[in-house]
Amino acid sequence: MVANLIAIVLVIAAHYSSKGSIDTSKGYTWNYLFQDFMWNGVAQSTVPFFAMVAGFFLTGKVNNFQNYFKALKIKSRTLLLPYILASTLIFLPTVLKYILLQKNIVQFSFHSILMCVVLHPISVQFWFIRDLIIIVVISPLILNGGKLYFGAIGVMLSFLWICDIQPFPIFAGWYLINMGVLFFFWLGGLLSRFSNILDSLVKSNVMVKITLLIIWLLIIFIRVYIDPEFDFWYVRNYTIGSLLLYKTALFMGVVSLIQISSLIKNNKTIISLSGFTFFVYLYHLVPLLNFTILTARFIDDRSSFYINFPIATIIVFSIAWFISRYFSNLYSLLTGGRTPNKTIKRIE
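The sequence shown begins at 7 in our numbering and counts up one residue at a time.
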(Lines of atoms letter the chains of each structure in order from A and count residues from 1; the text may use other names and numbers.)
(Lines give C-alpha, C1' and ligand atoms only; values in the text may rest on other atoms or scores of the structure.)
Protein backbone atom coordinates (compact mmCIF):
# COMPACT_ATOMS: atom_id res chain seq x y z
CA MET A 1 0.00 0.00 0.00
CA VAL A 2 2.79 2.40 0.89
CA ALA A 3 4.57 1.34 -2.29
CA ASN A 4 1.46 2.43 -4.21
CA LEU A 5 1.81 5.91 -2.74
CA ILE A 6 5.49 6.18 -3.64
CA ALA A 7 4.75 4.88 -7.13
CA ILE A 8 1.89 7.29 -7.80
CA VAL A 9 3.99 10.31 -6.80
CA LEU A 10 6.62 9.11 -9.28
CA VAL A 11 3.90 8.76 -11.95
CA ILE A 12 2.92 12.40 -11.43
CA ALA A 13 6.59 13.40 -11.67
CA ALA A 14 6.92 11.57 -14.98
CA HIS A 15 3.83 13.14 -16.51
CA TYR A 16 4.80 16.68 -15.53
CA SER A 17 8.35 16.38 -16.82
CA SER A 18 9.55 19.31 -18.91
CA LYS A 19 12.47 17.43 -20.42
CA GLY A 20 10.94 17.71 -23.87
CA SER A 21 11.23 21.51 -23.72
CA ILE A 22 14.99 21.45 -23.22
CA ASP A 23 17.18 22.14 -26.26
CA THR A 24 19.98 19.56 -26.42
CA SER A 25 21.56 20.79 -29.65
CA LYS A 26 24.44 22.30 -27.67
CA GLY A 27 24.77 19.45 -25.21
CA TYR A 28 22.97 17.97 -22.25
CA THR A 29 22.37 20.25 -19.29
CA TRP A 30 22.12 19.07 -15.68
CA ASN A 31 18.42 19.91 -15.85
CA TYR A 32 17.92 17.56 -18.80
CA LEU A 33 19.99 14.74 -17.28
CA PHE A 34 18.25 14.97 -13.92
CA GLN A 35 14.81 14.89 -15.49
CA ASP A 36 15.80 11.96 -17.69
CA PHE A 37 17.09 10.21 -14.56
CA MET A 38 13.77 10.79 -12.80
CA TRP A 39 11.28 10.49 -15.68
CA ASN A 40 12.98 7.93 -17.91
CA GLY A 41 14.60 6.09 -15.03
CA VAL A 42 13.21 6.08 -11.50
CA ALA A 43 9.56 6.64 -12.47
CA GLN A 44 9.56 3.91 -15.11
CA SER A 45 9.34 1.13 -12.50
CA THR A 46 5.89 2.29 -11.37
CA VAL A 47 3.73 0.73 -14.10
CA PRO A 48 5.56 -2.62 -13.85
CA PHE A 49 4.98 -2.49 -10.09
CA PHE A 50 1.24 -1.81 -10.51
CA ALA A 51 0.97 -4.63 -13.07
CA MET A 52 2.79 -7.04 -10.75
CA VAL A 53 0.46 -6.17 -7.85
CA ALA A 54 -2.57 -6.81 -10.08
CA GLY A 55 -1.26 -10.25 -11.05
CA PHE A 56 -0.35 -11.07 -7.46
CA PHE A 57 -3.83 -10.43 -6.09
CA LEU A 58 -5.72 -12.02 -8.99
CA THR A 59 -3.82 -15.31 -8.80
CA GLY A 60 -6.02 -18.06 -7.37
CA LYS A 61 -9.20 -16.11 -8.12
CA VAL A 62 -9.58 -17.25 -11.74
CA ASN A 63 -8.77 -20.95 -11.31
CA ASN A 64 -12.24 -22.17 -12.39
CA PHE A 65 -15.22 -20.80 -14.30
CA GLN A 66 -17.18 -19.87 -11.19
CA ASN A 67 -14.29 -17.92 -9.67
CA TYR A 68 -13.39 -16.41 -13.03
CA PHE A 69 -16.85 -14.93 -13.62
CA LYS A 70 -16.95 -13.75 -10.03
CA ALA A 71 -13.61 -12.00 -10.57
CA LEU A 72 -14.91 -10.41 -13.79
CA LYS A 73 -17.95 -9.12 -11.93
CA ILE A 74 -15.77 -7.57 -9.22
CA LYS A 75 -13.32 -6.07 -11.71
CA SER A 76 -16.15 -4.58 -13.73
CA ARG A 77 -17.01 -2.55 -10.61
CA THR A 78 -13.49 -1.84 -9.36
CA LEU A 79 -11.69 -1.32 -12.68
CA LEU A 80 -13.98 -1.00 -15.71
CA LEU A 81 -16.56 1.34 -14.14
CA PRO A 82 -13.96 3.81 -12.75
CA TYR A 83 -12.23 3.75 -16.14
CA ILE A 84 -15.44 4.64 -17.99
CA LEU A 85 -16.52 7.25 -15.43
CA ALA A 86 -13.10 8.95 -15.38
CA SER A 87 -12.69 8.98 -19.16
CA THR A 88 -16.23 10.39 -19.49
CA LEU A 89 -15.63 13.10 -16.88
CA ILE A 90 -12.41 14.04 -18.64
CA PHE A 91 -14.10 14.02 -22.06
CA LEU A 92 -17.00 16.29 -21.03
CA PRO A 93 -14.85 19.46 -20.60
CA THR A 94 -13.66 18.93 -24.18
CA VAL A 95 -17.26 18.94 -25.37
CA LEU A 96 -17.97 22.04 -23.26
CA LYS A 97 -14.91 23.75 -24.74
CA TYR A 98 -16.23 23.19 -28.27
CA ILE A 99 -19.67 24.51 -27.27
CA LEU A 100 -18.22 27.66 -25.69
CA LEU A 101 -16.02 28.28 -28.70
CA GLN A 102 -19.10 27.78 -30.93
CA LYS A 103 -17.48 25.03 -32.89
CA ASN A 104 -19.48 22.36 -34.67
CA ILE A 105 -20.62 19.83 -32.08
CA VAL A 106 -21.57 17.44 -34.89
CA GLN A 107 -17.92 16.48 -35.23
CA PHE A 108 -18.36 14.48 -32.02
CA SER A 109 -19.60 11.36 -33.75
CA PHE A 110 -20.39 8.07 -32.06
CA HIS A 111 -17.00 6.78 -33.15
CA SER A 112 -15.14 9.75 -31.65
CA ILE A 113 -17.05 9.44 -28.38
CA LEU A 114 -16.33 5.70 -28.31
CA MET A 115 -12.66 6.45 -28.88
CA CYS A 116 -12.42 9.15 -26.20
CA VAL A 117 -14.42 7.27 -23.56
CA VAL A 118 -13.59 3.62 -24.10
CA LEU A 119 -10.87 2.81 -26.61
CA HIS A 120 -8.39 5.68 -26.27
CA PRO A 121 -9.29 8.17 -23.52
CA ILE A 122 -7.90 11.69 -23.80
CA SER A 123 -5.62 11.41 -20.76
CA VAL A 124 -2.55 9.37 -21.71
CA GLN A 125 -2.25 7.31 -18.50
CA PHE A 126 -5.43 5.38 -19.31
CA TRP A 127 -3.49 3.07 -21.63
CA PHE A 128 -2.41 1.09 -18.59
CA ILE A 129 -5.94 0.71 -17.19
CA ARG A 130 -7.15 -0.42 -20.62
CA ASP A 131 -4.35 -2.98 -20.71
CA LEU A 132 -5.30 -4.29 -17.27
CA ILE A 133 -8.95 -4.66 -18.26
CA ILE A 134 -7.99 -6.76 -21.29
CA ILE A 135 -5.45 -8.79 -19.30
CA VAL A 136 -8.03 -9.56 -16.59
CA VAL A 137 -10.27 -11.04 -19.29
CA ILE A 138 -7.50 -13.37 -20.52
CA SER A 139 -5.94 -13.86 -17.05
CA PRO A 140 -6.73 -17.62 -16.81
CA LEU A 141 -4.41 -18.17 -19.77
CA ILE A 142 -1.61 -16.35 -17.93
CA LEU A 143 -2.05 -17.33 -14.29
CA ASN A 144 -3.48 -20.84 -14.39
CA GLY A 145 -2.02 -24.19 -15.37
CA GLY A 146 0.61 -26.48 -13.92
CA LYS A 147 4.22 -25.57 -13.22
CA LEU A 148 5.37 -26.55 -16.72
CA TYR A 149 2.72 -24.48 -18.52
CA PHE A 150 3.06 -21.51 -16.18
CA GLY A 151 6.85 -21.64 -16.48
CA ALA A 152 6.71 -21.83 -20.29
CA ILE A 153 4.44 -18.77 -20.38
CA GLY A 154 6.93 -16.97 -18.15
CA VAL A 155 9.92 -17.85 -20.33
CA MET A 156 8.12 -16.66 -23.45
CA LEU A 157 6.98 -13.38 -21.87
CA SER A 158 10.43 -12.78 -20.37
CA PHE A 159 12.10 -13.18 -23.75
CA LEU A 160 9.64 -10.88 -25.49
CA TRP A 161 9.95 -8.25 -22.76
CA ILE A 162 13.75 -8.29 -22.56
CA CYS A 163 14.07 -8.08 -26.36
CA ASP A 164 11.46 -5.30 -26.54
CA ILE A 165 9.23 -7.31 -28.87
CA GLN A 166 5.60 -6.19 -28.99
CA PRO A 167 3.66 -9.02 -30.69
CA PHE A 168 0.24 -7.45 -30.23
CA PRO A 169 -1.02 -4.99 -32.86
CA ILE A 170 -1.68 -1.33 -32.22
CA PHE A 171 -5.39 -0.89 -31.58
CA ALA A 172 -6.94 2.59 -31.30
CA GLY A 173 -3.51 4.16 -30.98
CA TRP A 174 -2.04 1.88 -28.30
CA TYR A 175 -0.73 -1.68 -28.28
CA LEU A 176 -3.64 -4.02 -27.66
CA ILE A 177 -1.57 -5.31 -24.73
CA ASN A 178 1.80 -3.87 -23.80
CA MET A 179 4.30 -6.67 -23.30
CA GLY A 180 5.84 -5.03 -20.23
CA VAL A 181 2.48 -4.98 -18.45
CA LEU A 182 1.76 -8.59 -19.39
CA PHE A 183 5.17 -9.81 -18.22
CA PHE A 184 4.98 -8.11 -14.82
CA PHE A 185 1.39 -9.29 -14.42
CA TRP A 186 2.69 -12.83 -14.86
CA LEU A 187 5.54 -12.04 -12.44
CA GLY A 188 2.93 -11.07 -9.85
CA GLY A 189 1.39 -14.49 -10.33
CA LEU A 190 4.81 -16.06 -9.78
CA LEU A 191 5.27 -14.18 -6.50
CA SER A 192 1.80 -15.27 -5.40
CA ARG A 193 2.68 -18.91 -6.08
CA PHE A 194 6.03 -18.62 -4.32
CA SER A 195 5.24 -16.17 -1.53
CA ASN A 196 8.54 -16.98 0.20
CA ILE A 197 10.29 -14.86 -2.45
CA LEU A 198 8.20 -11.82 -1.52
CA ASP A 199 8.70 -12.52 2.19
CA SER A 200 12.46 -12.60 1.75
CA LEU A 201 12.38 -9.24 -0.07
CA VAL A 202 10.28 -7.61 2.63
CA LYS A 203 12.09 -9.16 5.60
CA SER A 204 15.65 -8.59 4.37
CA ASN A 205 17.70 -6.34 6.64
CA VAL A 206 18.00 -2.60 6.15
CA MET A 207 21.54 -2.81 4.77
CA VAL A 208 20.42 -5.17 1.99
CA LYS A 209 17.54 -2.84 1.11
CA ILE A 210 19.81 0.21 0.99
CA THR A 211 22.38 -1.66 -1.09
CA LEU A 212 19.78 -2.75 -3.67
CA LEU A 213 18.41 0.80 -3.76
CA ILE A 214 21.86 2.20 -4.49
CA ILE A 215 22.46 -0.43 -7.19
CA TRP A 216 19.13 0.47 -8.82
CA LEU A 217 19.94 4.18 -8.89
CA LEU A 218 23.48 3.48 -10.11
CA ILE A 219 22.18 1.41 -13.04
CA ILE A 220 19.88 4.29 -14.02
CA PHE A 221 22.78 6.73 -13.73
CA ILE A 222 24.92 4.59 -16.05
CA ARG A 223 22.09 4.27 -18.58
CA VAL A 224 21.56 8.06 -18.58
CA TYR A 225 25.30 8.62 -18.96
CA ILE A 226 25.77 6.30 -21.95
CA ASP A 227 22.43 6.98 -23.68
CA PRO A 228 20.68 10.19 -22.56
CA GLU A 229 18.42 10.04 -25.63
CA PHE A 230 17.06 6.60 -24.73
CA ASP A 231 13.46 6.07 -25.79
CA PHE A 232 11.49 2.90 -26.47
CA TRP A 233 7.91 4.21 -26.20
CA TYR A 234 6.62 3.19 -29.65
CA VAL A 235 10.09 3.88 -31.09
CA ARG A 236 13.45 2.10 -30.94
CA ASN A 237 15.86 4.83 -30.00
CA TYR A 238 18.33 2.79 -27.97
CA THR A 239 21.35 0.50 -28.11
CA ILE A 240 21.41 -3.09 -26.92
CA GLY A 241 23.47 -1.99 -23.92
CA SER A 242 21.15 0.85 -22.89
CA LEU A 243 18.09 -1.38 -23.37
CA LEU A 244 19.49 -4.08 -21.09
CA LEU A 245 20.41 -1.47 -18.48
CA TYR A 246 16.93 -0.01 -18.72
CA LYS A 247 15.24 -3.39 -18.29
CA THR A 248 17.49 -4.27 -15.36
CA ALA A 249 16.66 -0.93 -13.73
CA LEU A 250 12.92 -1.59 -14.17
CA PHE A 251 13.24 -4.91 -12.39
CA MET A 252 15.44 -3.50 -9.63
CA GLY A 253 13.06 -0.57 -9.22
CA VAL A 254 10.11 -2.86 -8.51
CA VAL A 255 12.18 -4.66 -5.88
CA SER A 256 13.23 -1.37 -4.28
CA LEU A 257 9.66 -0.05 -4.20
CA ILE A 258 8.61 -3.12 -2.24
CA GLN A 259 11.56 -2.92 0.12
CA ILE A 260 11.44 0.83 0.75
CA SER A 261 7.72 0.68 1.51
CA SER A 262 8.30 -2.06 4.09
CA LEU A 263 10.37 0.39 6.15
CA ILE A 264 7.38 2.72 6.66
CA LYS A 265 4.50 0.26 6.40
CA ASN A 266 3.00 1.10 9.82
CA ASN A 267 2.75 4.87 9.41
CA LYS A 268 -1.02 5.50 9.45
CA THR A 269 -0.78 8.91 7.80
CA ILE A 270 1.14 7.54 4.85
CA ILE A 271 -1.13 4.51 4.64
CA SER A 272 -4.19 6.79 4.66
CA LEU A 273 -2.69 8.81 1.80
CA SER A 274 -2.14 5.59 -0.13
CA GLY A 275 -5.93 5.20 -0.14
CA PHE A 276 -6.04 8.09 -2.62
CA THR A 277 -3.65 6.55 -5.15
CA PHE A 278 -6.19 5.14 -7.62
CA PHE A 279 -8.13 8.41 -7.75
CA VAL A 280 -4.86 10.29 -8.19
CA TYR A 281 -3.82 7.99 -11.04
CA LEU A 282 -7.08 8.62 -12.86
CA TYR A 283 -7.28 12.39 -12.43
CA HIS A 284 -3.74 13.75 -12.01
CA LEU A 285 -3.28 14.82 -15.63
CA VAL A 286 -6.27 15.93 -17.74
CA PRO A 287 -8.02 18.33 -17.07
CA LEU A 288 -5.84 19.27 -14.07
CA LEU A 289 -3.04 19.93 -16.55
CA ASN A 290 -4.74 23.20 -17.47
CA PHE A 291 -3.23 24.92 -14.44
CA THR A 292 0.11 24.85 -16.28
CA ILE A 293 -1.27 27.52 -18.63
CA LEU A 294 -1.07 29.87 -15.66
CA THR A 295 2.34 28.77 -14.41
CA ALA A 296 3.76 29.02 -17.94
CA ARG A 297 3.41 32.80 -17.67
CA PHE A 298 5.93 32.93 -14.84
CA ILE A 299 8.18 29.88 -15.33
CA ASP A 300 10.60 28.93 -18.06
CA ASP A 301 9.26 25.84 -19.87
CA ARG A 302 12.58 24.08 -19.36
CA SER A 303 12.27 24.27 -15.57
CA SER A 304 8.49 24.00 -15.22
CA PHE A 305 8.78 20.46 -13.87
CA TYR A 306 10.11 21.70 -10.54
CA ILE A 307 7.00 23.85 -10.01
CA ASN A 308 4.24 21.99 -11.83
CA PHE A 309 5.03 18.59 -10.33
CA PRO A 310 4.61 19.60 -6.66
CA ILE A 311 1.61 21.82 -7.46
CA ALA A 312 -0.14 18.99 -9.34
CA THR A 313 0.62 16.55 -6.52
CA ILE A 314 -0.80 18.85 -3.85
CA ILE A 315 -3.90 19.75 -5.87
CA VAL A 316 -4.89 16.23 -6.89
CA PHE A 317 -4.36 14.75 -3.41
CA SER A 318 -6.33 17.66 -1.94
CA ILE A 319 -9.20 17.04 -4.35
CA ALA A 320 -9.13 13.34 -3.48
CA TRP A 321 -9.23 14.12 0.24
CA PHE A 322 -12.05 16.64 -0.16
CA ILE A 323 -14.29 14.32 -2.18
CA SER A 324 -13.59 11.32 0.08
CA ARG A 325 -14.27 13.45 3.18
CA TYR A 326 -17.47 15.21 2.10
CA PHE A 327 -18.80 13.04 -0.73
CA SER A 328 -17.71 9.57 0.37
CA ASN A 329 -20.26 7.68 -1.73
CA LEU A 330 -19.22 9.54 -4.86
CA TYR A 331 -15.57 8.89 -4.09
CA SER A 332 -16.25 5.19 -3.60
CA LEU A 333 -18.08 5.07 -6.93
CA LEU A 334 -15.29 6.88 -8.78
CA THR A 335 -12.59 4.60 -7.35
CA GLY A 336 -14.38 1.27 -7.37
CA GLY A 337 -14.63 1.15 -3.60
CA ARG A 338 -11.03 2.10 -2.86
CA THR A 339 -11.24 4.45 0.13
CA PRO A 340 -8.72 5.68 2.73
CA ASN A 341 -10.80 4.12 5.54
CA LYS A 342 -10.60 0.68 3.94
CA THR A 343 -6.87 1.12 3.54
CA ILE A 344 -6.44 1.89 7.25
CA LYS A 345 -8.62 -1.04 8.31
CA ARG A 346 -6.33 -3.49 6.51
CA ILE A 347 -3.56 -2.88 9.04
CA GLU A 348 -5.75 -2.77 12.15
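For every residue, glycine included, the Cβ atom is placed at its ideal position computed from N, Cα and C. Source: prediction; values computed, not measured.
For ASN243, which three-state DSSP category applies? Three-state result, ASN243: strand.
Give a yes or no on whether the C-beta atoms belonging to ILE12 and TYR287 are separated by under 9 Å. Not a contact, by the Cβ cut-off of 9 Å.
Under 9 Å, do SER262 and LEU219 count as touching if we go by C-beta distance? A contact, by the Cβ cut-off of 9 Å.
For MET258 and LEU102, what's the separation of their Cα atoms in angstroms? Roughly 44 Å between the two C-alpha positions.
By a C-beta neighbour count over all protein chains shown, 10 Å radius and 16 as the cutoff for buried, is ASP137 buried or exposed? Burial call: buried.
Any idea if VAL48 is buried or exposed, counting beta-carbon neighbours within 10 angstroms, 16 or more meaning buried? Of the residues assessed, VAL48 falls on the buried side of the cut-off, its CB having 16 or more other CB atoms within 10 angstroms.
Quick check: the Cα distance between VAL124 and ILE299, rounded to an integer number of angstroms? Between the C-alpha atoms of VAL124 and ILE299 there is a straight-line separation of about 27 Å.
Opening and closing residue of the alpha helix (DSSP H) in which VAL286 lies: Run containing VAL286: 283-289, per the alpha helix (DSSP H) assignment.
Can you check the region 82-164 for any beta strand (DSSP E) of at least 3 residues that lies completely inside it and give the ranges in chain order? Complete beta strand (DSSP E) runs here, min 3: none at all.
Kindly indicate the opening and closing residues of the alpha helix (DSSP H) around VAL68. Premise fails: VAL68 is in no alpha helix (DSSP H) and is neither H nor E.
List in chain order: all unbroken alpha helix (DSSP H) runs of 4+ residues lying wholly within the region 177-237. Qualifying alpha helix (DSSP H) stretches, in chain order: 185-199, 201-209, 212-232.
Let's see if you can read the secondary structure: which residues bound the alpha helix (DSSP H) around GLN41? From DSSP, the alpha helix (DSSP H) with GLN41 extends over 36-45.
Option nearest ALA318 by Cα separation, candidates ILE139, ILE144, PRO293: Ranked by Cα distance from ALA318, the options ILE139, ILE144, PRO293 are led by PRO293.
Return the CA-CA distance between PHE190 and ASN150, expressed in angstroms with no decimal places. C-alpha separation (whole angstroms): 15 Å.
Secondary structure of PRO173, DSSP reduced to three states: Three-state DSSP puts PRO173 in coil, outside helix and strand.
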